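Engineer: If you're matching them up, the sequences are chains S and F in order.
With the working numbering applied, the first sequence covers 320 to 900.
With the working numbering applied, the second sequence covers 217 to 581.
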Amino acid sequence: MADVTMTPVVRARGGVDAELWLKRALILIVSAWLVAVVVLPLFQLLSKSLLDNDGNFVGLVNYIEYFRTPALRDSIGNSLFVSLTTTVISVSLGFLFAYALTRTNIRFKGAFRSIAMMPLFTPTLLNGIALIYLFGRKGLITQGFFGAIPGFDIGLYGATGIIISEVIFTFPQAMLILSVALRMTDARLYEASDSLGASKVRTFFTVTIPGIKYGLISAVFVCFILAFTDFGAPKVVGGNFNILATDIYKQVIGQQNFVMGAVVSVVLLVPTVLAFIVDRIAQRRQVALIQAKSVPLVPKPEKLKDGIYQGFCTFIALLILGFFATAIYASLVKVWPYTLDLGFWHYEFRGTGGGGYEALFNSVRMALYSAVIGTAITFASAYLIEKSRGMNGLRQASYFLSIMPLALPGLVIGLSYIFFFNAPGWEFFGITVPNPLNWMYGTMAILVLSNIVHFYSVSFLTATTALKQLDREFETVSESLGVPFYVTFFRVTVPVCLPAVLEVAMYYFVNSMATVSAVIFLYSADIPLASVAIANMDDAGDIAPACAMGVLVVFINVVVRLLYSLLTKGVKRRTQLWAVR
Amino acid sequence: MTSASQDYLRVEGVTKRFGTFTALDNVSFGAKKGEFISILGPSGCGKTTMLRAVAGLERQDEGRVLLSGQDVSHLPVSKRHVGIVFQSYALFPNLSARSNIAYGLKRSMKSRSAVNERVDELLKLVGLKGLGSKYPGQLSGGQQQRVALARAMALSPNLLLLDEPLSALDAQVRVMLRTEIRAMTQRLGLTTIMVTHDQEEALTMADRILVMKDGELVQNGTPSEIYDEPESPFVASFIGSMNFIRGSYNRDTGTFSKGSVRVRVDRQARSLKGEVLAAIRPEDVLVSTNGEQGPNVFEVDVRNVEYRGPIYRLALDLPLGHTETAPLIAEMPAEKVRRLNMTSDSRVKVILPSERVRLFHAEQV
Ligand SMILES: Nc1ncnc2c1ncn2[C@@H]1O[C@H](COP(=O)(O)OP(=O)(O)O)[C@@H](O)[C@H]1O
Ligand SMILES: [Mg+2]
Chain S
320 MADVTMTPVV
330 RARGGVDAEL
340 WLKRALILIV
350 SAWLVAVVVL
360 PLFQLLSKSL
370 LDNDGNFVGL
380 VNYIEYFRTP
390 ALRDSIGNSL
400 FVSLTTTVIS
410 VSLGFLFAYA
420 LTRTNIRFKG
430 AFRSIAMMPL
440 FTPTLLNGIA
450 LIYLFGRKGL
460 ITQGFFGAIP
470 GFDIGLYGAT
480 GIIISEVIFT
490 FPQAMLILSV
500 ALRMTDARLY
510 EASDSLGASK
520 VRTFFTVTIP
530 GIKYGLISAV
540 FVCFILAFTD
550 FGAPKVVGGN
560 FNILATDIYK
570 QVIGQQNFVM
580 GAVVSVVLLV
590 PTVLAFIVDR
600 IAQRRQVALI
610 QAKSVPLVPK
620 PEKLKDGIYQ
630 GFCTFIALLI
640 LGFFATAIYA
650 SLVKVWPYTL
660 DLGFWHYEFR
670 GTGGGGYEAL
680 FNSVRMALYS
690 AVIGTAITFA
700 SAYLIEKSRG
710 MNGLRQASYF
720 LSIMPLALPG
730 LVIGLSYIFF
740 FNAPGWEFFG
750 ITVPNPLNWM
760 YGTMAILVLS
770 NIVHFYSVSF
780 LTATTALKQL
790 DREFETVSES
800 LGVPFYVTFF
810 RVTVPVCLPA
820 VLEVAMYYFV
830 NSMATVSAVI
840 FLYSADIPLA
850 SVAIANMDDA
860 GDIAPACAMG
870 VLVVFINVVV
880 RLLYSLLTKG
890 VKRRTQLWAV
900 R
Chain F
217 MTSASQDYLR
227 VEGVTKRFGT
237 FTALDNVSFG
247 AKKGEFISIL
257 GPSGCGKTTM
267 LRAVAGLERQ
277 DEGRVLLSGQ
287 DVSHLPVSKR
297 HVGIVFQSYA
307 LFPNLSARSN
317 IAYGLKRSMK
327 SRSAVNERVD
337 ELLKLVGLKG
347 LGSKYPGQLS
357 GGQQQRVALA
367 RAMALSPNLL
377 LLDEPLSALD
387 AQVRVMLRTE
397 IRAMTQRLGL
407 TTIMVTHDQE
417 EALTMADRIL
427 VMKDGELVQN
437 GTPSEIYDEP
447 ESPFVASFIG
457 SMNFIRGSYN
467 RDTGTFSKGS
477 VRVRVDRQAR
487 SLKGEVLAAI
497 RPEDVLVSTN
507 GEQGPNVFEV
517 DVRNVEYRGP
527 IYRLALDLPL
537 GHTETAPLIA
547 EMPAEKVRRL
557 NMTSDSRVKV
567 ILPSERVRLF
577 HAEQV
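1. Can a CB atom of chain F be found closer than 8 Å to the CB of S/T406?
2. With a 10 Å radius around its C-beta and 16 neighbouring C-beta atoms as the bar for buried, classify S/P864 as buried or exposed.
3. Can you list the residues of chain F that S/G801 reaches, using a CB-CB cut of under 7 Å?
4. Identify whether F/D223 lies in helix, strand or coil by the three-state DSSP scheme.
5. Please report the residue range of the alpha helix (DSSP H) in which F/R334 lies.
6. In this structure, does DSSP put F/Q435 in helix, strand or coil?
7. Could you tell me if the beta carbon of S/C816 falls within a distance shorter than 7 Å of some heavy atom in ligand 1?
8. Could you check if F/P526 is buried or exposed, using at least 16 other CB atoms within 10 Å of its CB as the buried criterion?
9. Tell me which residue opens and which closes the alpha helix (DSSP H) that F/K263 is part of.
10. Establish whether the CB of F/N310 and some CB of chain S are separated by less than 8 Å.
11. Looking only at its chain, what residues have a beta carbon closer than 6 Å to the beta carbon of S/A611, apart from the 5 residues adjacent to it on each side?
12. Check whether the Cβ of F/V243 lies closer than 7 Å to any heavy atom of ligand 3, and answer yes or no.
13. Does at least one heavy atom of ligand 2 sit under 7 Å from the Cβ of F/D379?
14. Residues in its own chain within less than 7 Å of F/G262 by CB, not counting five upstream and five downstream?
15. For S/A611 and chain F, any beta-carbon pair shorter than 8 Å?
16. Using a Cβ-Cβ cutoff of less than 7 Å, which residues in the same chain neighbour S/S870 once the five nearest sequence positions on both sides are dropped?
17. Cα separation between S/I609 and S/L545?
18. Are the CB atoms of F/V363 and F/A418 nearer to each other than 8 Å?
19. Keeping to the same chain, check which residues put their C-beta closer than 8 Å to that of S/I473; ignore five residues upstream and five downstream.
20. Count the other CB atoms within 10 Å of the CB of S/H665; is the residue buried (16 or more) or exposed (fewer)?
21. Which same chain residues, not among the five before or five after S/M759, have their C-beta less than 6 Å away from its C-beta?
22. Extract the residue ranges of the alpha helix (DSSP H) inside the region 391-437 of chain S, only unbroken runs of 4 or more that lie entirely within it.
23. Note the first and the last residue of the continuous beta strand (DSSP E) segment covering F/V389.
24. In chain order, what residues place their C-beta within less than 5 Å of a heavy atom belonging to ligand 1?
25. 8 Å is my cut-off, CB to CB: does F/S453 come that close to chain S?
26. Going by beta carbon distance, what residues of the same chain come within less than 8 Å of S/Y736, once the five residues before and after it are set aside?
27. Is it the case that the Cβ atoms of S/T443 and S/G551 are separated by a distance below 8 Å?
28. Let me check understanding here. Comparing Cα to Cα, which of S/T671, S/S394, S/K428 lies closest to S/F560?
29. Report the residues of the region 805-820 of chain S with a CB closer than 7 Å to any CB of chain F, ordered along the chain.
30. Distance, Cα to Cα, S/R603 vs S/A493?
31. State yes or no: is the beta carbon of F/I442 nearer than 8 Å to at least one beta carbon in chain S?
32. Starting from S/T309, find everything on chain F with Cβ-Cβ shorter than 9 Å and list it in chain order.
33. May I ask you to list, following chain order, the residues of the region 765-796 of chain S that have a beta carbon less than 7 Å from some beta carbon of chain F?
34. Are the region 301-310 of chain F and the region 781-794 of chain S in contact at 8 Å, needing three or more beta carbon pairs?
35. So, is S/N855 buried or exposed, given that buried needs 16 or more other C-beta atoms within 10 angstroms?
36. Is F/T541 helix, strand or coil by DSSP?
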């Protein structure tokens, strides 16, 4: 190497111990934050279910009462029935759709994929409302397109309506999870199977299904949990068919019976937590499975097969488009089904409750705060948990607490937050400790916080996955060069992970816009929200404005999603310089 | 052996465990100022862990690490004045080569121009003048390696630690960088420890080689000591190749015997007796051209002749009596093989020079 003299360099002094302590303190803060927003509220909920309405400890009395009341008890069977049915339908459709997108040579894959993802941006309340316009008493199908053709009544209100709504809601999730699983399978296995002369059916059961086993398990549990805990659609189309989620709402909002609300919440939690645990075990196995590099499968053209799948995907895509078209149409019709003039009457939100554009604006504000603050917190925590050394116990515990919200339904988060943040203080051995977080109750802060926790796990896993792809030694390099970890975090880690950061922010935004379950317990009259407005307008019978509000929420979410695509494209172009390795 | 007081780096009885697994088992060695040391061993034997313990990235469970006679066991990496090049290079992909190299400088140098000057100097040092504005992804493997090296050198370390720095490069670049790195550390008088699993790399670059196996240091010596005087069959076969024949040794007569074969062994075979392993390197097996006779001359069958460019590799069968044979590999200059017209299934006489035969404890395997 070239002959040059070396300038002596004076090294920066000190700071190392301080830095180590800072890192430890930050990890402690992360753990404390997770305990404060996940564990303590849940604990509060659990203990509430063991008290009577006056706050005296009564043990399992409330549970005994619950199981003695048929109207409440029957909801368990109902909930299980609709969510299991939904899961079977959604996973089957999701599998076929994902299979078409990954293993066939059909055309318009990109468009199909985008259309199939539309329900992800939709408040589930809107699913119910659109179904009413299609299959309700005066629905498009029920009345045969305003009498043009013979009508057909499917008996929407009740289990049927709930199942259809939940299938629409969960189908994209199943489709996405299974697409990833199908894309990961190794082509060499198929070549081996082919070369052994295995039949198509045999290959399907010995290679395809085992290959996506863990994806399938995951899809089943995600669909089950989502359908089991959703509240929006059942509220609109459930009729007299009681399920756990609507029971909680009725107990708390309708009868102001917080204790029974807590009991139902715990009942709702049991299967969810079980599903969560089974799924976690399955996912851990999978990690071991996918470490070897696999060869991606390139589907061969097959006329008949491709034709069938083309037809299937077109059919599903048209159904989804028709569904949204109905919602938009219905929101524009003057008086359904009598005066079919089109216009923006229902978008004026005059003479209806709910808060109109103020609610919409609040929702956007809340979604924005959730996106910005949520992304920052999620990413920083994931970084500290994933990239630190030492404090292993605390980091593992924090990891577990970070994925636990996956098992927490929005309603449960909402209700436990009422209990936790509304509590004036706690008594420990006769000493009263005032609640330092009490000020948050009824403010925007608690809404944002509930959203961050509600959507924390998926964001956290996205961030962790992105961080895992960085070289393990980045931290060591900066340590050996005497550069503090936070400098490297901002100069290297965040820029390199920017695509994941944007994805997490987008995820927080659209979900915070659409969700109703957690916030419906937490919003205050001064801060009306769009999704809550949909629920309230629907309650009051103002279905058309409710539908209009739902359409606006979807519209904003789609715009944000497009913005995200543009940004991502820009980032990709900029990072292409250094993406090659 | 070097005396401890002279050593810049001393590692004393270092043990490192991961759970119940012992990654380093009571390892001790030293390095003089300016010395180039290679840690050589099969993958998973603890080389990287050793380097990380020296760097201060991994805290040993037992033992001490000393630099200039001072115990630095409790010091973090940033206070040990070491430069590290990682196996993956760990270059920051979103920063240009310049920014990568300047990464640690910004905190220690006052002015931007001083940093720039230093970076220019380092770019020149590693032969990357003019490539400073490129991103790592735009550089070849060898160039990335140079950036990593420049970054490690930026703070003028007293000790340079290289973890398999050349393993990801193709053969030609590797050979070139070998010479360049060695020349650079020599010129700067920089104490260097390089981990490698490539014996050729270790033999050509190092002043001293530490051979590791299963977390233990099994031999510490100069390249020629390691090659010519391996202390165990493991070292003998890990560095270069070696023929082994299991048999018995008679200390009184100084002969090794197996079946009908008797081999005179000149080397003092210390405390050996009973069952032993006789060992000879393939290049030490000679072909008898003028009908020598003697205790170490044997008639062998040529089983296979393999062309290897400048040399031939011969697979021989050494008859041990009746039907038993021992396989023997020999390497010979191509010219000689052609001249003697050695082909498969021919018979030749070979000499196992008594001073080139070594003996090991049979149970040492
Ligand atoms: N952080 C760690 N935790 C647990 N085991 C480790 C860790 N680092 C290394 N090991 C184990 O220690 C052994 C030696 O590793 P390493 O020093 O990287 O080997 P080498 O560099 O010689 O290939 C390996 O078996 C490895 O699995
Ligand atoms: Mg290694």
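No residue lacks a Cβ here, since even glycine has one placed at the ideal position from N, Cα and C.
Since we're looking at a predicted model, the values are computed, not measured.
Structural biologist: Well, looking at it:
1. Counting from one through the first sequence, the residue named residue 406 of chain S turns up at place 87. S/T406 does not count as touching chain F.
2. For the purposes of this step, residue 864 of chain S is taken as residue 545 along the first sequence, with counting starting at 1. Its Cβ being crowded by 16 or more others within 10 Å, S/P864 is buried.
3. Position 482 of the first sequence, counted from the start, is the residue given in the question as residue 801 of chain S. When 7 Å is used as the limit between beta carbons, S/G801 is near these residues of chain F: S294, G320, R323, in chain order.
4. The residue given as residue 223 of chain F occupies position 7 in the second sequence. Correct three-state label for F/D223: strand.
5. Mapped onto the second sequence, residue 334 of chain F falls at position 118. Note, F/R334: alpha helix (DSSP H), 328-341.
6. Looking up residue 435 of chain F in the second sequence gives position 219. It is a strand residue.
7. Position 497 of the first sequence holds residue 816 of chain S. Flag unset: Cβ of S/C816 not near ligand 1.
8. For the purposes of this step, residue 526 of chain F is identified with residue 310 of the second sequence, where counting begins at 1. It counts as exposed.
9. Walking along the second sequence from the start, residue 263 of chain F turns up at place 47. Unbroken alpha helix (DSSP H) run through F/K263: 263-271.
10. Numbered from 1 along the second sequence, position 94 holds the residue referred to as residue 310 of chain F. Using a CB distance cut-off of 8 Å, F/N310 counts as an interface residue toward chain S.
11. Reading the first sequence from its first residue, position 292 is the one you call residue 611 of chain S. With a pLDDT of only 46 at S/A611, under 50, the local geometry of the prediction cannot be trusted, and no value is derived from it.
12. Only ligand 1 and ligand 2 can be found as ligands here, which leaves ligand 3 out of the picture.
13. The count along the second sequence starts at 1 and reaches residue 379 of chain F at position 163. F/D379 Cβ: within cutoff of ligand 2.
14. What you label residue 262 of chain F is simply residue 46 of the second sequence in a count that begins at 1. Hits under 7 Å: A239, L240, M428, G431.
15. Taking the first residue of the first sequence as position 1, residue 611 of chain S is located at position 292. Any reading at S/A611 must be qualified, since the residue scores a pLDDT of 46, below 50, and its modelled position is unreliable; no value is offered.
16. As a position in the first sequence, residue 870 of chain S is number 551, starting the count at 1. The amino acid occupying residue 870 of chain S in the given sequence is Val; Ser does not appear at that position. Leaving aside the five residues that flank S/V870 on each side, the residues in its chain whose CB is nearer than 7 Å to its CB run, in chain order, A646, I647, S650.
17. In the first sequence, residue 609 of chain S corresponds to position 290, counting from 1. In the first sequence, residue 545 of chain S corresponds to position 226, counting from 1. Confidence at S/I609 is low in this model, with a pLDDT of 48, below 50, so the placement of that residue is unreliable and no value is reported for it.
18. Along the second sequence, one-based indexing puts residue 363 of chain F at 147. Along the second sequence, one-based indexing puts residue 418 of chain F at 202. In this structure, F/V363 keeps its C-beta atom at 8 Å or more from the C-beta atom of F/A418.
19. Counted from its first residue, the first sequence places residue 473 of chain S at position 154. Same-chain partners within the cutoff: F454, I460, T461, T479.
20. Residue mapping note: residue 665 of chain S aligns to position 346 of the first sequence, counting from 1. Buried, by the Cβ-count rule.
21. As a working mapping, residue 759 of chain S is identified with position 440 in the first sequence. Result list for S/M759: F740, I765, in chain order.
22. DSSP runs (the alpha helix (DSSP H)) wholly in the region 391-437 of chain S: 428-436.
23. Position 173 of the second sequence, counted from the first residue, corresponds to residue 389 of chain F. Run containing F/V389: none in the beta strand (DSSP E); it sits in the alpha helix (DSSP H), 387-404.
24. Working through the chain, the matches are F/F234, F/A239, F/S259, F/G260, F/C261, F/G262, F/K263, F/T264, F/T265.
25. Mapped onto the second sequence, residue 453 of chain F falls at position 237. No, its Cβ sits nowhere closer than 8 Å to a Cβ of chain S.
26. Start at 1 with the first residue of the first sequence, and residue 736 of chain S comes out as number 417. Answer for S/Y736: P360, I765, L768, S769, A837, F840, L841, listed in chain order.
27. Translated into the one-based positions of the first sequence, residue 443 of chain S becomes position 124. Translated into the one-based positions of the first sequence, residue 551 of chain S becomes position 232. The answer is yes: Cβ separation under 8 Å.
28. Taking the first residue of the first sequence as position 1, residue 560 of chain S is located at position 241. Each of S/T671, S/S394, S/K428 was checked against the Cα of S/F560, and the nearest Cα belongs to S/S394.
29. Hits within the stretch, in order: V811, P814, V815.
30. Numbered from 1 along the first sequence, position 284 holds the residue referred to as residue 603 of chain S. Numbered from 1 along the first sequence, position 174 holds the residue referred to as residue 493 of chain S. Approximately 19 Å, taken between the alpha carbons.
31. For the purposes of this step, residue 442 of chain F is taken as the residue at position 226 of the second sequence. Look at F/I442: its C-beta is not under 8 Å from any C-beta on chain S.
32. For residue 309 of chain S there is no data in the structure shown, the boundaries of chain S being 320 and 900.
33. Listed by position, the residues of the region 765-796 of chain S near chain F (Cβ gap below 7 Å) are D790, E792, F793, T795, V796.
34. Verdict: yes, contact present.
35. The sequence position of residue 855 of chain S within the first sequence is 536, counting from 1. In this structure S/N855 is buried. Its beta-carbon is surrounded by 16 or more other beta-carbon atoms within 10 angstroms.
36. Locating residue 541 of chain F in the second sequence gives position 325, where the first residue counts as 1. It is a strand residue.
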